[in-house]
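Chemist: This note's numbering puts the first residue of the sequence shown at 1040, with every later residue one more than the last.
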Amino acid sequence: MERQALSVTELNNRIKGLLDLDPMLADVCVRGELSNYKIYPSGHHYFTLKDSESSLRCVMFKGSAAKLRFRPESGMSVTAFGRVSVYPRDGAYQLYCSALQPEGAGDLQVAFEQLKAKLAAEGLFDRSHKKPLPAFPEKIAIVTSSAGAAVHDMIRILGHRWPMTKVVLLPVRVQGVEAPPEIAGAIRYANEFQVADLIITGRGGGSIEDLWAFNDERVARAIYDSGIPVISAVGHEPDVTISDYVADARASTPSNAAEIAVPDQHELRDALDHLDIRSRQAMQKKLSQLSQKLAALAEKRVLTDPSVYIDNRRMELDHMRDRLSASAERKVSAGRQEFVRLASALDAMSPLRVLKRGYSITEDGAGNSVKSASQLKKGDRVRLRFADGGADCTVDCVTEGD
């Protein structure tokens, strides 16, 4: 009996049909490690799911991939959800993935950590970029839902603490896919039109899904780019979002944000009263000290009898004049003694002193002293100088040596 031959396409389609009819393969979840993860320009994701012994080809089309809240990477352990079928062209079966969930933590938590690491690496959390909050804001823009309890709490607390501040509400959705662009847009609007000098953005508490709008990169970058200081007030005390890291100040709750934003008028009034009391006490103390000093000055002799002061200064002047005169006399006397000493030393060294002892000085025709017989020759005219006169002579003979 002759068997009917099938074409490759027919066989692949038959196998595909068998797999598609299996209800178990229509909705499976598979645990494994991502490998060769690639994202094509079309938006489709292609990867391999593997364990220690086997591997499975997988594809996630653009529509499903757009719902991912984290960034899949090779080496990450995940659970993949989808259906198993055959791609007829290649004759290979693969998992058509509709969702991915990271192992050990929820996809939202992984997405949070990935975005946190990315923005931290870019410097969006650096303290150097934090702007100081105004001490007495004139206008505060609140970016939150107009229907939530959080906005009413903030307005009530702001009015109680510092009623001089004008509050501008920029209503936005704080939950759902529309929330992030609305929040980011409101922050940019407040900056563009300078509607306030301080911005508070946030919402009341909820699950991580409820607060997810404040973990959105668009909101984080809008807060970072804001020229107006921003307070992030999301959820309750334990809740921490990306907005909290980027903002210039973080409040544990929306009510706490209102407390941080403005001073308490009652505390400020008490502080001013205290300063007023201290300044009055300081002034009274200063006046008392000056009064005592004035009374002491009034009792001084120089004020009660001014002539005594003049007489004392006159006596000091006379005493100073006597000291100056005595000092001058000592100086002149010492000068005289020094002059006598120097004159005596000079006289002892004078050539005339030598001449008086019977010596003479011989000078040549030019008036220079003759110090050696070798300077003379027979017939030279010389002059002999004595202590009481001189004599002109002619050299008859020159003798050298003793």
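From the three backbone atoms N, C-alpha and C, an ideal C-beta is built for every residue, glycine too. Just so it is clear, the structure is predicted and the values come from calculations on it, not from any experiment.
Keeping to the same chain, check which residues put their C-beta closer than 7 Å to that of Asn1052; ignore five residues upstream and five downstream.
Modeler: By one-based count along the sequence shown, residue 1052 stands at place 13. Correct list, in chain order: Pro1127.
Chemist: Along the alpha helix (DSSP H) that carries Arg1387, what are the first and last residues, could you check?
Modeler: One-based indexing of the sequence shown puts residue 1387 at position 348. The sequence as given places Ala at residue 1387; Arg does not occur at that position. Run containing Ala1387: Pro1345 to Ala1387, per the alpha helix (DSSP H) assignment.
Chemist: For Val1190, does the count of other Cβ atoms within 10 angstroms reach 16, so buried, or fall short, so exposed?
Modeler: By 1-based counting over the sequence shown, the position of residue 1190 is 151. Buried is the call here.
Chemist: Helix, strand or coil for Pro1062, going by three-state DSSP, please let me know.
Modeler: Sequence index remark: in the sequence shown, residue 1062 carries index 23 (1-based). Residue state, collapsed to three classes: helix.
Chemist: Should the region 1115 to 1130 be called in touch with the region 1154 to 1168, which here means at least 3 C-beta pairs below 8 Å?
Modeler: Contact fails: fewer than three Cβ-Cβ distances are below 8 Å.
Chemist: Would you please state the rounded distance, in angstroms, between the beta carbons of Leu1423 and Ala1430? I believe it to be under 8 Å.
Modeler: Within the sequence shown, the letter at position 384 stands for residue 1423. Within the sequence shown, the letter at position 391 stands for residue 1430. Right, their Cβ atoms sit about 5 Å apart.
Chemist: Roughly how many angstroms separate the alpha carbons of Phe1109 and Gln1153, rounded to a whole number?
Modeler: On the sequence shown, residue 1109 is found 70 positions in, with the first residue counted as 1. On the sequence shown, residue 1153 is found 114 positions in, with the first residue counted as 1. Whole-angstrom Cα-Cα distance: 7 Å.
Chemist: Quick one: give me the first and last residue of the beta strand (DSSP E) that Met1193 is part of.
Modeler: Taking the sequence shown and counting its residues from 1, the one referred to as residue 1193 is at position 154. Note, Met1193: premise wrong, no beta strand (DSSP E); alpha helix (DSSP H) at Ala1188 to Arg1200.
Chemist: Alpha carbon to alpha carbon, how far is Leu1172 from Val1234?
Modeler: The count along the sequence shown starts at 1 and reaches residue 1172 at position 133. The count along the sequence shown starts at 1 and reaches residue 1234 at position 195. In a straight line, the C-alpha of Leu1172 is about 16 Å away from that of Val1234.
Chemist: Assuming Pro1465 and Leu1237 form a contact by the criterion Cβ under 8 Å, report the distance between their Cβ atoms to the nearest whole angstrom.
Modeler: Since the first residue shown for the chain is 1040 and the last is 1441, residue 1465 is missing from the structure and cannot be characterised.
Chemist: How about the region 1183 to 1197 and the region 1211 to 1231: do they share at least three Cβ pairs that are nearer than 8 Å?
Modeler: Touching, yes.
Chemist: In three-state terms, what does DSSP make of Thr1048?
Modeler: Locating residue 1048 in the sequence shown gives position 9, counting from the first residue. Here Thr1048 sits in helix by DSSP.
Chemist: Compute the distance between the beta-carbons of Leu1107 and Leu1139, then report whether it is under 8 Å.
Modeler: Numbered from 1 along the sequence shown, position 68 holds the residue referred to as residue 1107. Numbered from 1 along the sequence shown, position 100 holds the residue referred to as residue 1139. Yes. Within cutoff.
Chemist: Measuring straight from C-alpha to C-alpha, what distance separates Asp1287 and Tyr1263?
Modeler: The residue given as residue 1287 occupies position 248 in the sequence shown. The residue given as residue 1263 occupies position 224 in the sequence shown. Each residue's alpha carbon lies about 9 Å from the other.
Chemist: Within the chosen definition, does the region 1271 to 1279 reach the region 1321 to 1331 through at least 3 CB pairs nearer than 8 Å?
Modeler: Cβ pair count under 8 Å is below three, so no.
Chemist: Would you identify the three-state DSSP class for His1084, choosing helix, strand or coil?
Modeler: Sequence index remark: in the sequence shown, residue 1084 carries index 45 (1-based). Strand, per DSSP.
Chemist: Report the residue from Ala1261, Val1301, Ser1246 and Asp1165 whose alpha carbon sits nearest the alpha carbon of Met1203.
Modeler: Position 164 of the sequence shown, counted from the first residue, corresponds to residue 1203. Answer by Cα proximity: Val1301.
Chemist: Report, in whole angstroms, the separation of the C-beta atoms of Ala1297 and Ile1196, which I expect to be a contact under 8 Å.
Modeler: In the sequence shown, counting from the first residue as 1, residue 1297 sits at position 258. In the sequence shown, counting from the first residue as 1, residue 1196 sits at position 157. Confirmed, about 4 Å.
Chemist: Below 7 Å CB to CB, which residues in the same chain sit around Ala1252 once its five sequence neighbours on both sides are set aside?
Modeler: Mapped onto the sequence shown, residue 1252 falls at position 213. Answer for Ala1252: Val1213, Gln1214, Ala1218, Pro1219, Ile1222 and Val1258, listed in chain order.
Chemist: Given that a residue counts as buried once 16 or more other Cβ atoms are within 10 Å of its Cβ, and exposed if not, what is Leu1088?
Modeler: As a first step, residue 1088 must be located in the sequence shown, where it is residue number 49. Result: buried.
Chemist: Just curious, the alpha helix (DSSP H) that Pro1277 is in, first and last residue?
Modeler: Counting from one through the sequence shown, the residue named residue 1277 turns up at place 238. Looking at the DSSP string, Pro1277 is not in any alpha helix (DSSP H), and its letter there is neither H nor E.
Chemist: With H, G and I counted as helix, E and B as strand and the rest as coil, what does DSSP make of Gln1153?
Modeler: Position 114 of the sequence shown, counted from the first residue, corresponds to residue 1153. Reduced to three states, the DSSP call for Gln1153 is helix.
Chemist: Could you give the distance in angstroms between the alpha-carbon of Glu1276 and the alpha-carbon of Pro1062?
Modeler: For the purposes of this step, residue 1276 is taken as the residue at position 237 of the sequence shown. For the purposes of this step, residue 1062 is taken as the residue at position 23 of the sequence shown. For Glu1276 and Pro1062, the distance between alpha carbons rounds to 46 Å.
Chemist: Give the secondary structure of Asp1312 by DSSP, where H, G and I count as helix, E and B as strand, and everything else as coil.
Modeler: As a working mapping, residue 1312 is identified with position 273 in the sequence shown. Asp1312: helix per DSSP, three-state reduction.
Chemist: At which residues does the beta strand (DSSP E) containing Glu1402 begin and terminate?
Modeler: Reading the sequence shown from its first residue, position 363 is the one you call residue 1402. Taken as a continuous stretch (DSSP letters only), the beta strand (DSSP E) holding Glu1402 covers Ile1400 to Glu1402.
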